[in-house]
Structures are given as structure tokens and as C-alpha cells.
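Shown next, in C-alpha cells, is the structure this report addresses.
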Amino acid sequence: MRERNMPLRSRFNYYQNLASALAYNEEQSDYYTTLAGEWQFLFLKSPQDTPDAFIQGAYNSLEWDKIQVPSQLEFAGYGQPIYANIDYPFPVDPPYVPYENPTGLYYRKFSYNKQLDQQILRFDGVESTFEVWLNQQYLGKGQGSRLMTEFDISEMLKEGENELAVRVSKWSVGSYLEDQDMWWLSGIMRDVSIVEEGEINDLKITPFSKGDNWFIDVAMSVETAASFKSHLYFQGERVSQYKLGPQAAIEVVDPLLWNQETPNLYCLVIELNQELFIPIRFGLREIQMIDQLMCLNGLPILFNGVNRHEFHPKKGRCLSRADIWAELCQIKRYHINAIRTAHYPNTPYFYDVCDELGLLVIDECDIETHGFPEETTPAKDPFWQSEFIARGLRMVHRDYNHPSIVIWSLGNESHFGENFVAMAAAIRKLDSSRLLHYEGDRHCQVTDMYSTMYSSLAELEKRASQKITKKPHILCEYAHAMGNGPGNLQDYQELFNLYDSLQGGFIWEWKDHGIYNEEQQNYLYGGCFNESVHDGDFVLDGLVLPDGTPSPGLLEYRQVIQPVSFHYNQGQLLIRNKYDHQPLKDLRVKIEVVTQQGVVLTEEQPLSLIEPGGYSQVMAIDCPNVVTGYLTVSLIVEQGTAIFPKETVFAQDQFAFSSSQPVKDELEVVETRHDLTISGSAFTLSFNKNTGNLASFVKGNRELLASELAFSLSRMTISNDVEVQKSWHDDYLDELYTRSESFDFVVDRGTVILFVNQSICPPVASWGVKIRMEIWVNDQGISYQVRGWFEGEKPAELPRIGWELPLLEPVTQIAWFGKGPGESYPDSQQHTLIGHYRLSAKEWRFPYIIPQETGNRSEVSQSKLSLDNGQELLLSSVGKFNLNVIDLVKEQNQRYRHLEEKAVENRGIRIDLAVRGLGSNSCGPVPLPKDTVYSTPFTGQFTIA
Ligand code: IPT
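Counting from 1, position 302 in the sequence shown corresponds to residue 302 in UniProt numbering; the numbering is continuous, with no gaps.
What follows is the structure, given as C-alpha cells:
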């Protein structure tokens with residue numbers, strides 16, 4: 001018997017005219033006939049029980065049930081679903097499967113009138129194996145549940161009535177490669193169709209650029225060397241015409257590029273004899289490794305992704321076009337920009353929608369052998385090699401033309417071995433324009449990125465800061481969304497933002513796979529079908545319920561990945577567009593201030609277009625009678641789209657609000673290579689662009705600073721620092737070097753907002769602190785908003801976290817609102833009370849006989865420091881800080897214990913976010929964990945004026 005399986009190729013369609021070609025919906029093609037609908041059906045316990053009449057083609061002698069195609073048998077009432085994560089629910093005895101093997105015999109008649117020379121019978125997905133007979137003749141078999149199988153039926157298809165019979169079995173040798181964590185289901189669950197074709201059998205488009213010019217390579221598989229008329233369309237308009245041979249490279253003039261934010265799609269329509277048209281959509285984009293980062297058109301990608309299974313609570317993996325469209329619009333609405341097709345190639349229409357909406361796709365092959373131990377894993381067994389390669393090539397051939405696919409994934413949870421090496425080589429040979437992924441390739445032997453699952457924040461931070469892998473790192477799965485959760489999304493996102501090499505991740509997973517139970521009106525999970533092997537509710541681990549209802553976890557994800565950042569300080573608001581390509585437009589700003597008394601201000605204003613990466617103007621928020629409250633800023637959609645309906649809250653944030661004086665003063669800003677100088681009527685200050693620190697602050701024509709306002713971690717040790725002092729000394733905590741990693745600023749009339757990233761490290765070691773600062777300068781002062789992270793082999797505990805402000809003149813008087821009047825530390829402050837205090841610098845410290853740290857005042861929110869020359873310095877915070885006035889000379893000499901008594905003291909001010917407790921470790925325990933300062937991420941806010 002000759003099998004009629006077609007060679008591998010991309011999936012495309014012929015159309016009867018240009019208009020239908022451009023509509024890009026195969027259902028509108030005269031050369032596409034779906035065989036979906038009602039079929040005759042017989043359910044058997046095993047393929048071995050197949051009646052002879054079926055094999056002989058005596059279909060009329062059988063008593064048939066009915067079934068819809070496509071559908072899943074278990075959802076149509078035939079057999080039971082089984083939910084198992086890792087274990088195979090049948091004996092692991094490859095390549096055999098048990099006699100008990102739920103099997104469906106499908107049969108239908110259809111009438112057909114041939115129009116063209118070639119007819120192909122196409123199956124988009126059948127779980128897990130099938131054989132086909134057309135008009136009593138055997139066509140061949142199919143395997144690889146989520147891959148396309150095509151048969152050339154040109155010779156066997158008859159004019160008029162035809163008979164098609166298909167035998168589908170749930171278990172097959174292929175099932176050993178399909179052990180994904182999901183329901184085991186079966187049946188013809190994707191479309192079956194007949195497509196008619198002209199002489200072009202395959203068509204591939206590969207975009208590429210040279211400088212600013214963009215081209216596409218067009219490769220056609222055609223028997224003659226004919227050339228074809230072709231038309232290039234963009235948004236329904238024809239932009240050029242070409243005459244193309246089987247291999248051609250053509251330039252796309254005035255190119256508009258494709259990316260996840262602005263998914264500009266072109267359509268090339270090849271015309272054959274004015275009567276056949278093949279449209280292929282493509283996007284101008286290149287995926288490349290640049291400086292060890294995965295880049296799309298030159299810009300590093302940050303995957304804010306989800307793993308998505310195809311699942312519907314009433315249909316299993318059999319999704320309609322409408323289901324897919326709605327689900328992907330929802331995914332985009334939550335600002336998710338990427339999908340890993342966990343863990344198999346999806347139904348073809350999925351990729352059309354991703355191309356159109358702008359979703360980056362990791363297309364994953366239908367291979368998972370989780371239930372095998374490492375020693376016997378199929379990845380290492382030559383028996384399976386050809387099937388590994390075939391599955392990889394079938395995926396890449398089928399999906400080649402989709403711009404949304406940026407990465408091919410070899411599969412999931414199948415250990416590693418030669419078969420993956422061979423598969424990767426075969427894929428690379430076929431397509432070098434995408435990157436390769438496989439999490440099981442722990443040493444990146446064949447993959448372009450290091451990929452892990454569920455890595456802890458500490459693990460990620462360690463790998464990134466110590467540059468353990470040369471290749472970029474993604475989390476192909478993280479944040480397990482089972483039940484209530486996941487937590488820490490903000491922390492992951494901050495790490496992704498902090499380290500270039502962390503290129504984001506894919507939450508596990510999009511949707512709960514609960515099966516809807518009509519009778520009880522609830523959802524069923526593993527074990528509910530009396531499966532002997534099952535994994536219970538582990539199948540309910542999505543960001544949305546089975547019906548798509550968003551969980552709080554999804555709301556959290558949307559918040560931490562929203563493409564807008566809001567910046568607020570003392571009555572002024574700035575909005576930033578974090579998109580790389582897409583402007584923010586058609587949005588209005590809604591402002592609301594709420595206090596204990598209720599909402600005291602609601603205001604809306606239009607938002608002018610903000611370019612990608614750009615900022616709004618600084619907006620003044622005037623709410624005069626409010627002392628403290630909360631400000632909520634929302635961007636509301638004005639012009640609805642399929643993704644964002646009108647009035648959707650596009651992005652939102654909230655800030656502690658305190659009313660302030662309106663900014664009046666115009667500022668003058670001068671930037672040089674080294675400095676940024678800002679002058680107002682009352683002050684001039686400058687930042688050192690190399691360190692990112694405030695380097696000069698001139699008030700009333702006199703300089704205040706002796707040197708830069710710098711981040712610091714050390715203090716003089718106290719008698720109770722017995723256990724920690726040696727390591728702190730060895731860690732050079734008092735000798736930090738500050739480097740500015742980036743220094744950007746926005747000037748808007750009376751306000752300058754600086755965005756400064758710093759890297760701060762001691763000598764000898766390679767640990768350090770990463771600081772992200774937002775500094776607002778206006779006539780009210782210099783206001784810092786800071787976030788910081790420690791990286792590398794950092795000390796676990798620290799004396800303090802804060803800043804030191806070295807002054808030219810000594811401090812003479814200190815007035816403050818906070819705890820006092822005496823000094824206080826986290827574990828010794830019961831004797832102090834919040835109040836307004838004033839002390840002279842002489843009274844500030846306690847005269848311990850051995851000089852040591854003293855003088856901290858906690859929970860300070862305001863302070864006025866008077867200097868010897870009569871100048872004043874004001875410190876304040878909407879939160880609270882620790883304040884100290886120190887003797888810089890003594891502090892700086894402590895390392896070598898050369899305690900020189902100098903005449904001038906009190907020249908340093910500390911603004912600390914955290915200080916360590918005292919403990920009694922000179923002869924007793926160290927401070928309690930709650931009073932210990934750990935090298936964990938921190939945030940803070942303070943204003944200097
Ligand atoms: C990981 C699987 O890849 C995924 O399919 C799913 O099972 C997920 O876990 C948990 O829900 S594998 C796991 C061993 C990390």
C-alpha cells in the first residue's frame with residue numbers, strides 16, 4: 001500500500017481572487033473545503049476490536065453513532081479524561097501500548113467537485129494517532145498529536161460522492177513523547193479540510209535588513225522555473241508589485257517594522273495565471289543576539305509572558321477561532337506581551353492572531369517525556385531520534401512564516417541527550433532566523449538562552465550579578481499561579497529590570513484546566529473521573545479560572561508589567577511611556593485624592609501623545625486643604641479597540657499625597673560632559689554625572705557641601721559589635737566606590753526630574769549595591785525617591801543603609817520632629833517619644849568613653865539643621881528616616897584606629913533608611929532579626945532643601 005503523506009511544508013492556502021486572499025480567512029477560499037461537522041462514529045475499547053467491515057470499507061453495514069468534528073471524544077461522551085502530570089497512565093513499555101486503548105472510528109460521505117490539479121487532505125490535529133481511508137483506499141497514518149498531517153489525495157478523490165474513514169486511537173507510540181502536564185484527551189480535535197492547489201507547493205518568506213533597508217527572501221517550491229506576478233499589501237493598500245521567480249529577494253520600501261507593540265503586517269500575494277492567489281502575511285523583524293542579549297530589531301526583548309495551554313472547560317483542547325481571538329485579546333489587555341505554547345504547537349489560527357495583535361511566541365514542539373527517569377530517557381535513545389527530528393521539522397515547516405514566532409522550543413521536561421542535539425541541528429539548518437530554546441539543556445549546549453523554571457529570586461540575582469552564564473537567562477516557567485497566588489511578581493519584575501541578562505519570563509500558567517460539569521455546575525479536576533493515576537488539583541494553576549475570570553494574580557501581573565510609569569512628588573506628576581515602539585495616545589488622565597474624610601479631589605485631563613520612551617509634561621495637582629492623603633492616577637482609554645475597550649483603565653498607580661506649595665520658580669539647567677547644574681533664584685546645585693551624586697549645593701551664594709552626598713553602609717563600631725566587626729572591616733564597608741550607570745533627566749519649567757542608576761561597590765570583592773534614584777528638583781528642594789538592591793556575594797548583615805552629607809561648616813543646632821530627645825536604636829527606643837525637639841550639636845551625642853557610634857534619632861520626618869555660619873539645611877520625608885549628626889574625621893579614621901582628635905566636628909549628616917539595633921554582644925547575644933539590617937532590597941524617600 002502506497003502511503004500518500006505529503007512532504008513537510010509551511011501551511012498556506014490558495015484563494016480565488018485578491019479580495020478573498022487579503023481577507024486571509026481560509027474559510028472564504030473556494031479552494032478550501034472544511035470537513036468539519038457531523039460524522040458517523042463508533043467508539044471501541046481498542047483498535048484491535050475494529051470490525052472487519054470498517055477495514056473492508058463496508059461502512060453501510062455498521063451501526064453508527066454521531067459525533068461533531070472537530071471535538072474531543074471525552075467531551076462528546078466517549079471515554080474519560082485522565083489528568084496526570086508526570087506519570088504515564090499506561091504501562092511504560094515502549095513502543096507498545098495496552099490493548100485497552102480508547103478508539104474512535106469516524107466516517108463521512110461528502111460530495112466534491114475538483115477545480116484544480118492537486119487536492120490535499122489536511123489534518124491540523126488528531127490525538128494521538130490515526131489512519132485514513134479515502135474511498136476504501138488506505139491513505140496512510142498520522143501521529144504527533146498537535147502537528148499537521150497532509151495527504152495527497154489528487155488521484156483518489158472522485159468527482160461527486162466520496163467516502164472518508166478515519167480510525168483514531170488514544171494511545172500510540174507517540175504518546176510516550178506526549179506526557180505533558182495536562183488532561184489526556186483524544187479525537188480529531190482540530191480542523192480537517194481539503195485544500196486545492198496550483199503549482200506552488202511551498203512558500204517561505206524570510207525578512208532581513210541591510211542597514212536601514214528591509215528585504216524579504218521569497219522561496220517557492222515549484223516544479224517549473226516560472227515567475228509569478230506578486231503584490232505587496234500593507235493595511236489593505238497595495239504598496240508594490242513584483243515579478244518573482246522561485247527564489248527572490250525583494251526590497252520593501254518605506255518599511256514599517258513588526259514588533260509586539262506595533263505589529264505592522266504586510267501581505268505578499270502571489271498570483272498564478274490571474275486565477276489563483278496565495279497570500280502570506282509577514283512582518284519585518286529580525287531576531288538576533290547582540291551583546292549576548294536576545295534582540296528584536298536591535299532592541300533587547302523583555303518577555304512579560306505566560307505559558308498557555310489550549311483549553312476550554314467545555315471543549316478541551318478544541319478551540320474555535322472566536323475562543324482564540326477573545327483569549328488573546330484578553331491576554332494583551334493585561335499587558336502580557338509573550339506566550340510560550342506550553343507544551344506543543346498550537347492550532348494554526350493562534351499564530352495568525354499573535355501576528356496581528358503583537359504577541360511574541362515561543363513555539364514549543366510536541367515532545368515531553370517527563371515520566372521517564374533520566375537513565376532511560378528517550379532523548380538519549382537512538383530509537384527515538386528520527387521522531388524527535390521529524391517533530392521539530394514539522395513544527396518549523398508549518399509555522400515558518402509567522403513573524404510572532406521569535407523562538408523555537410524543542411519541547412519540555414524530557415531530560416537532555418543526543419536526540420535533542422540532532423533535532424536542534426536539523427532545525428537550525430532549516431531556519432537560522434530564530435533562536436532555540438529548551439529548558440532541559442542545562443548547559444546551553446544547543447540553545448541560545450539559559451532557561452530555568454521556578455528559580456528563586458536569590459538564584460536569579462546570583463546568576464545575573466555574577467554573570468554565571470554567558471547567554472541571557474529567561475524563566476520559561478515561574479510564579480506558579482495555583483490557587484491563591486503567585487506572590488513576588490513585583491520582585492521578579494524588578495530583577496528583570498535591574499539586570500539586562502534577565503530577559504523576563506513566562507508565568508505558569510494562563511488558565512485553570514477545570515472541566516465544566518453541567519450537572520453540578522462546577523469544575524472537575526484530576527481524580528474526579530475516577531482515574532487510578534492522577535494528580536488532583538495540580539491542573540488548576542492558572543491566572544484565570546476555566547471560564548476566563550481573572551484572578552487577583554492576573555491583576556497583580558498587569559500592575560507590575562504595565563507599560564506606563566507614574567512619578568509623583570509633592571504636588572507634581574510625571575507620566576512615562578515605557579513602550580519601546582508604541583506611543584501612548586487616546587488616553588485621558590484621571591486623578592483622585594482620597595483622605596480619611598473621603599475623596600477630596602477628582603479631576604480629569606486629556607493626555608497629549610507621549611512618544612515611546614518619552615515623558616508627559618509635569619502636571620500640577622492642586623488640592624490645597626489636604627495635609628496627607630493618597631493620590632490615585634489612572635489612564636483611561638478614550639478610543640476603544642478590540643484589546644482595550646473604551647473606558648478601560650489602561651494603567652494606574654497610587655502615591656502618598658501631601659499638599660505643597662505650587663512651584664513658581666523657573667530653573668536654569670546647564671549640562672556639561674561631567675555635570676548637570678540647576679539654578680533657581682534661591683540655590684544652585686549640581687550633580688556629578690559620573691557618580692550620579694549631588695556634588696554641590698549653593699544656597700545664599702555659599703557652598704554647603706564639603707563633598708558629594710553619597711550612599712553609605714558603615715558606622716563606627718560599638719562595643720556590642722563583637723561578632724560582626726571583623727567581617728565588616730574585611731568587607732571594606734567604609735570604602736565604597738560609586739559609578740553612575742545611567743543619568744537621564746527631564747526639564748519642565750520649574751522642575752527637573754533626574755533618573756539616576758548607580759552601582760556602588762567596595763574594593764577587593766565583587767559585591768555591590770544597585771541604586772535606582774528619581775530625584776525631583778524644584779524651588780521646594782531636592783527630593784529623592786530611591787530603590788536599592790544588593791548583588792553578588794554580599795555581607796548578610798550591615799550596620800546601616802543610608803546617605804552621608806559632608807558639610808563645609810559644622811552643624812551647631814538641630815531641630816527635628818521625630819523620636820527624642822535622646823538617641824534611639826531599633827532595640828532601644830522605649831525611652832524616646834515622638835515630638836518636636838531642639839538640641840545643640842554638643843548635646844547630640846552621648847559621651848561613651850570609648851568613641852563609638854552614637855546619636856541616632858529614629859522616626860524623624862522633619863529636621864532643620866543650623867550651621868556655624870548661619871546657613872540652614874532642611875530635611876524632610878513623607879515617610880520617616882533616621883537622622884544623625886556625625887564627626888566625619890573620627891568616622892573616617894576608625895578603620896585604622898587612628899583616632900585623631902580634630903578641632904572641627906559635626907560636619908556630617910546621616911539620612912538613614914535603616915540602622916542596626918544594639919544587642920549586647922560584648923558579652924551576650926546579637927540583636928534580634930527584627931532589629932538587624934539585612935542586605936535585602938530597600939526603598940526610601942527624603943527631601944533636602
Ligand atoms: C513544570 C512543567 O513544565 C509544567 O508543565 C507544569 O507541570 C509545571 O511544572 C507545574 O504546574 S515541571 C516541574 C517539575 C517544575
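No residue lacks a Cβ here, since even glycine has one placed at the ideal position from N, Cα and C. Being a predicted model, the structure only gives us computed values, none of them experimental.
Buried versus exposed, by CB contacts within 10 Å (16 or more), residue i
{"i": "Leu865", "result": "buried"}
{"i": "Lys794", "result": "buried"}
{"i": "Ile468", "result": "exposed"}
{"i": "Met289", "result": "exposed"}
{"i": "His836", "result": "exposed"}
{"i": "Asn625", "result": "exposed"}
{"i": "Pro929", "result": "exposed"}
{"i": "Asp254", "result": "exposed"}
{"i": "Tyr14", "result": "buried"}
{"i": "Leu899", "result": "Low confidence applies here, because Leu899 scores a pLDDT of 47, under 50, leaving its location unreliable; read the following figure in that light. That one is exposed."}
{"i": "Ala479", "result": "buried"}
{"i": "Phe12", "result": "buried"}
{"i": "Glu251", "result": "exposed"}
{"i": "Asn517", "result": "exposed"}
{"i": "Leu489", "result": "buried"}
{"i": "Gly700", "result": "exposed"}
{"i": "Lys470", "result": "exposed"}
{"i": "Tyr96", "result": "exposed"}
{"i": "Glu107", "result": "Per the sequence presented here, residue 107 reads as Tyr, with Glu not at that position. Per the 10 Å Cβ criterion, buried."}
heavy atom of ligand 1 below 7 Å from residue i C-beta
{"i": "Glu735", "result": "no"}
{"i": "Phe311", "result": "no"}
{"i": "Gln180", "result": "yes"}
{"i": "Ala342", "result": "yes"}
{"i": "Tyr454", "result": "yes"}
{"i": "Asn412", "result": "yes"}
{"i": "Asn85", "result": "yes"}
{"i": "His480", "result": "yes"}
{"i": "Trp508", "result": "yes"}
{"i": "Glu477", "result": "yes"}
{"i": "Phe372", "result": "no"}
{"i": "Phe420", "result": "no"}
{"i": "Asp366", "result": "no"}
{"i": "Phe942", "result": "no"}
{"i": "Phe416", "result": "no"}
{"i": "Asp65", "result": "no"}
{"i": "Asp363", "result": "no"}
{"i": "Gly541", "result": "As written in the sequence, residue 541 is Asp, which differs from the Gly given in the question. Yes, since a heavy atom of ligand 1 falls inside the 7 Å radius drawn around the Cβ of Asp541."}
{"i": "Phe538", "result": "yes"}
Proximity to residue i [Cα-Cα], best of the options
{"i": "Leu635", "options": "Met449, Leu587 and Gly553", "result": "Leu587"}
{"i": "Gln445", "options": "Ser456, Ala424 and Gly483", "result": "Ala424"}
{"i": "Glu509", "options": "Leu475, Glu519 and Leu265", "result": "Leu475"}
{"i": "Phe538", "options": "Thr447, Glu592 and Ala481", "result": "Ala481"}
{"i": "Pro583", "options": "Gly371, Thr262 and Phe657", "result": "Thr262"}
{"i": "Tyr788", "options": "Leu685, Asn497 and Gln559", "result": "Correcting the residue type first, residue 788 is Gly in the shown sequence and not Tyr. Nearest of Leu685, Asn497 and Gln559 to Gly788, Cα basis: Asn497."}
{"i": "residue 946", "options": "Gln562, Glu519, His831 and Asp931", "result": "Residue 946 cannot be examined here, being either before or after the span of the chain that is shown, 1 to 945."}
{"i": "Gly822", "options": "Pro799, Phe846, Leu807 and Arg800", "result": "Phe846"}
{"i": "Arg285", "options": "Ala322, Ile324 and Leu360", "result": "Leu360"}
Bridge-paired residues (DSSP) for residue i
{"i": "Gly504", "result": "Phe303"}
{"i": "Val173", "result": "DSSP, once it has assigned bridges, lists no residue as partnering Val173."}
{"i": "Phe743", "result": "Val756"}
{"i": "Met289", "result": "Met294"}
{"i": "Glu604", "result": "Lys590"}
{"i": "Gly598", "result": "Thr595"}
{"i": "Val192", "result": "Phe123"}
CB contact below 8 Å: residue i versus chain B
{"i": "Ile270", "result": "In summary, chain B is missing from the structure at hand, where a single protein chain is found."}
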